[in-house]
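Asker: Following this message is one structure expressed as C-alpha cells.
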Amino acid sequence: MENGTKREGLGKLNVSSSLQVEQPLPKSKLWKIIMVGSIAAGVQFGWALQLSLLTPYVQLLGIPHKYASFIWLCGPISGMIVQPVVGYYSDNCSSRFGRRRPFIAAGAALVTIAVFLIGFAADLGHASGDPLEKGSKPRAIAVFVVGFWILDVANNMLQGPCRALLADLSGGKSGRMRTANAFFSFFMAVGNILGYAAGSYSKLYKVFPFSKTQACDIYCANLKSCFFIAIFLLLSLTTLALSFVRESELPEKEEQEIDEKLAGAGKSKVPFFGEIFGALKDLPRPMWILLLVTCLNWIAWFPFFLYDTDWMAKEVYGGKVGDGRLYDLGVRAGALGLLLQSVVLGFMSLGVEFLGKKIGGAKRLWGILNFVLATCLAMTIVVTKMAEKSRQHHAGTGLLMAPTPGVKIGALTLFALLGIPLAVTFSIPFALASIFSSNAGSGQGLSLGVLNLAIVVPQMLVSIVGGPWDALFGGGNLPGFVVGAVAAAASGVLALTLLPSPPADAKPAVAMGGFH
1 MENGTKREGL GKLNVSSSLQ VEQPLPKSKL WKIIMVGSIA AGVQFGWALQ
51 LSLLTPYVQL LGIPHKYASF IWLCGPISGM IVQPVVGYYS DNCSSRFGRR
101 RPFIAAGAAL VTIAVFLIGF AADLGHASGD PLEKGSKPRA IAVFVVGFWI
151 LDVANNMLQG PCRALLADLS GGKSGRMRTA NAFFSFFMAV GNILGYAAGS
201 YSKLYKVFPF SKTQACDIYC ANLKSCFFIA IFLLLSLTTL ALSFVRESEL
251 PEKEEQEIDE KLAGAGKSKV PFFGEIFGAL KDLPRPMWIL LLVTCLNWIA
301 WFPFFLYDTD WMAKEVYGGK VGDGRLYDLG VRAGALGLLL QSVVLGFMSL
351 GVEFLGKKIG GAKRLWGILN FVLATCLAMT IVVTKMAEKS RQHHAGTGLL
401 MAPTPGVKIG ALTLFALLGI PLAVTFSIPF ALASIFSSNA GSGQGLSLGV
451 LNLAIVVPQM LVSIVGGPWD ALFGGGNLPG FVVGAVAAAA SGVLALTLLP
501 SPPADAKPAV AMGGFH
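Quick note: UniProt numbering has the sequence shown finishing at residue 516, numbered continuously throughout.
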C-alpha cells in the first residue's frame with residue numbers, strides 16, 4: 001500500500017503519510033520482551049511432548065491409527081473458540097492486574113491440571129476398572145481426552161495474550177513487533193529442544209521412580225516424568241515474567257490510547273461473537289490473504305506434526321504399535337529428529353529478520369521457505385522407499401533389525417531441515433497480523449485470535465479426514481504428507497504473488513479501537 005491511502009471502513013490499511021523513523025528498542029523494554037517471550041519455552045515444552053509422544057501413547061491406550069487423529073480434534077475446536085474469546089476480552093479487560101496478565105496466569109494454572117490428568121490417565125483408568133492387559137482402555141482414554149481438552153484451552157489462554165502483550169510492549173512499531181515475535185519463536189525452539197530431549201531419553205522415569213506403576217509401564221512413566229518437568233518449567237517462567245513485567249509500565253502515550261479504547265468499549269459493549277463476526281466481515285484485504293496463506297501453510301504442517309514420530313516408527317523403522325521394540329526405538333528416534341529440528345529452529349528464529357531484509361522482505365522469505373517445506377514433505381516418500389528396500393533381519397533370531405545408518409541419517413536430516421521453514425511459520429504470520437491490524441486500527445488480541453482461526457480450521461480438517469484418508473491407502477502416513485506438500489507449494493505461490501508487503505520499519509498511525 002502506498003502512503004496516504006484513504007481508509008474505507010476496514011477494507012484498506014491506514015498508513016500515515018508521514019512515517020516516524022523507528023528508534024532502537026530500549027534495553028529495559030527489550031528485557032521485558034525477552035521475559036514475556038520466555039513463557040513460550042514452558043508452553044512449547046509441553047507441546048513438544050504432545051507432538052512427539054502422545055499419538056503413539058493414544059494408540060497404546062487402544063485407539064487404532066485411523067481414529068488417533070480424532071483425539072486431536074479437540075485442540076483446534078477449543079482453539080477456534082478460546083483464543084478469539086480470550087483475545088477479545090484481554091483487549092477490553094480493565095483488571096487492576098492488567099489486560100493480559102490475568103489470562104496468562106489462569107492459562108498456566110490450567111496447564112498444570114491438564115498435564116496431571118494426561119500423565120496419570122492410565123493410573124486413573126485402572127483405578128476406575130480398566131484391565132491391565134493390552135487392548136482398549138476406555139476409562140483411561142476418557143481421562144486423557146478431558147486432560148487434552150483442558151491443555152489445549154490452557155495453551156490458547158497463554159499464547160494469545162502472550163503475543164498480544166509482546167505487541168503492546170512493541171508500541172505498535174512493525175520492526176519491534178517482528179523482533180518480539182522472533183524472540184517468542186526462539187523460546188518456542190528452546191522449549192522444543194528441552195521437550196524433545198526429555199522425550200527421547202528412555203530412562204527419565206528413574207528420576208521419578210514413583211511414576212512407574214502397575215498400570216503405567218516404562219513408556220508411560222517416561223511421559224509422566226516429562227510432564228512433571230513441564231509443569232515446573234512453565235510455572236517458574238510464568239511467575240518470573242508476571243512478577244517483573246507489569247503492564248502499567250507501558251509508555252504514557254500507549255496507556256492513554258489503551259484508556260481511550262477501554263472507555264469506548266464501556267460506552268458501546270458488543271457481544272463477543274458479534275465482534276468476531278464483525279472482524280471477519282470488515283477484515284482488510286491483506287488480512288484475508290494472510291489468513292488464506294496461513295491456512296494452506298497449516299494444512300501442510302499438521303499431518304507431519306501429528307504423525308512425525310509415528311512415521312519414523314512405522315515407515316522408517318518398520319515397527320508395529322505395541323511390539324515394544326522397533327516401534328519404541330522409532331518413536332525415540334523421531335523425538336531425536338524433532339530435537340535436531342528445534343536446534344535449527346532456534347538459530348533460524350534469530351536470523352529471520354536478517355534473512356528477510358537480505359531476500360527482499362518477510363513475505364518473500366515466507367513464500368520461498370514454503371517451497372522448502374513442500375520439498376521436505378515430498379522427500380519423506382524417498383526416505384520411506386529407501387528404508388523398505390534396505391530392511392534386514394537378524395541372522396540368529398530372524399527379527400527385523402533397525403534401519404541402516406544411511407536411512408537414519410536421511411530421515412533425521414529431513415527433520416532438521418524442516419526447522420528452517422518452521423521458524424518462519426512461528427513468527428512471520430503473527431508479526432504480519434500485528435502490523436496489518438495496527439494499521440487498520442484493530443485490537444491486537446482480537447486480530448491474533450482471528451489469525452488463530454486460520455490455524456485451527458486446517459487442524460480440524462486434518463484431524464477429521466487425516467486418519468480415514470491414510471486408511472484409504474493402506475493405513476500409512478505418506479498420503480497425508482503428500483497432501484501437505486501440495487498445500488505448502490500452494491501457500492508459497494500465494495505468499496509470493498498475492499500477499500502484500502508490510503510497511504517499512506516505521507510506526508504507522510494506530511487507532512486502538514477494536515474491529516467494528
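A virtual CB, placed ideally from N, CA and C, is assigned to each residue, including glycine.
Name, in chain order, the residues that DSSP records as bridge partners for H393.
Answerer: Sequence index remark: in the sequence shown, residue 393 carries index 393 (1-based). DSSP lists L400 as partners of H393.
Asker: Decide if Q459 is buried, meaning its Cβ has at least 16 other Cβ atoms within 10 Å, or exposed.
Answerer: Stepping through the sequence shown from its first residue, residue 459 is reached at position 459. The residue in question, Q459, is buried, as its Cβ has 16 or more Cβ neighbours within 10 Å.
Asker: Mapping DSSP to helix, strand and coil, what is T213?
Answerer: Residue mapping note: residue 213 aligns to position 213 of the sequence shown, counting from 1. Note: T213 maps to coil in three-state DSSP.
Asker: With a 10 Å radius around its C-beta and 16 neighbouring C-beta atoms as the bar for buried, classify E388 as buried or exposed.
Answerer: Taking the first residue of the sequence shown as 1, we reach residue 388 at position 388. E388 should be labelled exposed.
Asker: What are the boundary residues of the alpha helix (DSSP H) that K137 is part of?
Answerer: Here residue 137 corresponds to residue number 137 of the sequence shown, with the count starting at 1. Unbroken run through K137: none, as it is neither H nor E.
Asker: Going straight from the alpha carbon of K281 to that of L453, what length do you get?
Answerer: In the sequence shown, the residue the question calls residue 281 occupies position 281. In the sequence shown, the residue the question calls residue 453 occupies position 453. K281 and L453 have their alpha carbons spaced roughly 14 Å apart.
Asker: How big is the Cα-Cα spacing for I229 and L151?
Answerer: Working through the sequence shown from its first residue, we reach residue 229 at position 229. Working through the sequence shown from its first residue, we reach residue 151 at position 151. Taking the straight line from one Cα to the other gives about 16 Å.
Asker: Kindly indicate the opening and closing residues of the alpha helix (DSSP H) around R285.
Answerer: Your numbering for residue 285 matches position 285 in the sequence shown. Its alpha helix (DSSP H) spans residues R285 to W311.
Asker: Where does V245 fall in DSSP's three states?
Answerer: To locate residue 245, count along the sequence shown from 1; it is residue 245. Here V245 sits in coil by DSSP.
Asker: I need the boundaries of the alpha helix (DSSP H) containing I359, first residue and last residue.
Answerer: By 1-based counting over the sequence shown, the position of residue 359 is 359. Where I359 is concerned, the enclosing alpha helix (DSSP H) stretches over L326 to I359.
Asker: Going by the beta-carbon positions, is the gap between S200 and A335 smaller than 8 Å?
Answerer: Residue numbering aside, residue 200 sits at position 200 when the sequence shown is read from its first letter. Residue numbering aside, residue 335 sits at position 335 when the sequence shown is read from its first letter. Taking 8 Å as the Cβ cut-off, S200 and A335 qualify as a contacting pair.
Asker: Within this structure, are the beta carbons of K137 and L30 separated by less than 8 Å?
Answerer: On the sequence shown, position 137 is the one that residue 137 refers to. On the sequence shown, position 30 is the one that residue 30 refers to. Going by beta carbons, K137 and L30 fall outside the 8 Å limit.
Asker: Between the segment 82 to 89 and the segment 464 to 482, can you find at least three pairs of beta-carbon atoms closer than 8 Å?
Answerer: no
Asker: To the nearest angstrom, report how far apart R99 and A362 are at their CA atoms.
Answerer: Locating residue 99 in the sequence shown gives position 99, counting from the first residue. Locating residue 362 in the sequence shown gives position 362, counting from the first residue. Between R99 and A362, the C-alpha separation is close to 29 Å.
Asker: By a C-beta neighbour count over all protein chains shown, 10 Å radius and 16 as the cutoff for buried, is I409 buried or exposed?
Answerer: Indexing the sequence shown from 1 puts residue 409 at position 409. It is exposed - the Cβ of I409 has fewer than 16 other Cβ atoms within 10 Å.
Asker: Could you tell me whether the segment 225 to 241 touches the segment 363 to 381, where touching means 3 or more Cβ pairs closer than 8 Å?
Answerer: no
Asker: Looking at the C-beta of K203, does it have a partner C-beta in chain C at a distance below 8 Å?
Answerer: Among the protein chains of the structure shown there is no chain C, as only one such chain exists.
Asker: If contact is defined by three or more beta carbon pairs under 8 Å, each pair taking one atom from either stretch, is the segment 103 to 123 in contact with the segment 152 to 165?
Answerer: yes
Asker: Considering only residues of the same chain and omitting the five flanking positions on each side of L234, which have a CB-CB separation below 8 Å?
Answerer: For the purposes of this step, residue 234 is taken as residue 234 along the sequence shown, with counting starting at 1. I39, G42, V43, F45, G46, A108, V111 and T112, listed in sequence order.
Asker: Given that a residue counts as buried once 16 or more other Cβ atoms are within 10 Å of its Cβ, and exposed if not, what is Q341?
Answerer: Working through the sequence shown from its first residue, we reach residue 341 at position 341. It is buried - the Cβ of Q341 has at least 16 other Cβ atoms within 10 Å.
Asker: Which of the three DSSP states, helix, strand or coil, is assigned to I231?
Answerer: Translated into the one-based positions of the sequence shown, residue 231 becomes position 231. Correct three-state label for I231: helix.
Asker: Examine the Cβ distances between the segment 114 to 133 and the segment 208 to 219 and report whether three or more of them are shorter than 8 Å.
Answerer: yes
Asker: What is the DSSP secondary structure of D282, counted as helix, strand or coil?
Answerer: As a position in the sequence shown, residue 282 is number 282, starting the count at 1. In this structure, D282 counts as coil in the three-state DSSP scheme.
Asker: Going by other Cβ atoms of all chains shown within 10 Å of its Cβ, with 16 needed for buried, is K134 buried or exposed?
Answerer: Residue numbering aside, residue 134 sits at position 134 when the sequence shown is read from its first letter. K134 sits exposed, since fewer than 16 C-beta atoms from the chains shown fall within 10 Å of its C-beta.
Asker: Is it right to say A180 is buried, meaning 16 or more other beta carbons lie within 10 angstroms of its own, or is it exposed?
Answerer: In the sequence shown, the residue the question calls residue 180 occupies position 180. Buried, since its Cβ has 16 or more Cβ neighbours within 10 Å.
Asker: Under DSSP, the alpha helix (DSSP H) around Q59 begins and ends at which residues?
Answerer: Against the sequence shown, residue 59 aligns to sequence position 59. First-last of the alpha helix (DSSP H) with Q59: T55 to L60.
Asker: How far does the alpha helix (DSSP H) with S491 in it reach, from first residue to last?
Answerer: Within the sequence shown, the letter at position 491 stands for residue 491. Unbroken alpha helix (DSSP H) run through S491: L478 to T497.
Asker: Less than 8 Å between the beta carbons of A374 and A485, yes or no?
Answerer: Within the sequence shown, the letter at position 374 stands for residue 374. Within the sequence shown, the letter at position 485 stands for residue 485. In this structure, A485 lies closer than 8 Å to A374 by Cβ.
Asker: Do you know how far the Cα of W301 is from the Cα of T294?
Answerer: For the purposes of this step, residue 294 is taken as the residue at position 294 of the sequence shown. For the purposes of this step, residue 301 is taken as the residue at position 301 of the sequence shown. The straight-line gap from Cα to Cα measures roughly 10 Å.
Asker: Assuming L326 and G319 make a contact with CB atoms under 8 Å, what is their CB distance in whole Å?
Answerer: For the purposes of this step, residue 326 is identified with residue 326 of the sequence shown, where counting begins at 1. For the purposes of this step, residue 319 is identified with residue 319 of the sequence shown, where counting begins at 1. Correct: roughly 3 Å between the Cβ atoms.
Asker: To the nearest whole angstrom, what separates the beta carbons of residue 517 and S390, a pair I think is in contact under 8 Å?
Answerer: Because the chain is modelled from 1 through 516, residue 517 falls outside the range shown and cannot be assessed.
Asker: Cβ of T238 within 8 Å of Cβ of A105?
Answerer: Here residue 238 refers to the residue found at position 238 when the sequence shown is read from its first residue. Here residue 105 refers to the residue found at position 105 when the sequence shown is read from its first residue. A contact, by the Cβ cut-off of 8 Å.
Asker: Rounding to the nearest angstrom, what Cα-Cα distance links L499 and S128 in this structure?
Answerer: Working through the sequence shown from its first residue, we reach residue 499 at position 499. Working through the sequence shown from its first residue, we reach residue 128 at position 128. Near 53 Å, if we compare the C-alpha coordinates of S128 and L499.
Asker: State yes or no: is the C-beta of G480 within less than 8 Å of the C-beta of G492?
Answerer: The residue given as residue 480 occupies position 480 in the sequence shown. The residue given as residue 492 occupies position 492 in the sequence shown. No, the Cβ-Cβ distance between G480 and G492 is not below 8 Å.
Asker: Can you tell me which of the three DSSP states W31 falls into?
Answerer: Working through the sequence shown from its first residue, we reach residue 31 at position 31. If DSSP states are grouped into helix, strand and coil, W31 belongs with the helices.
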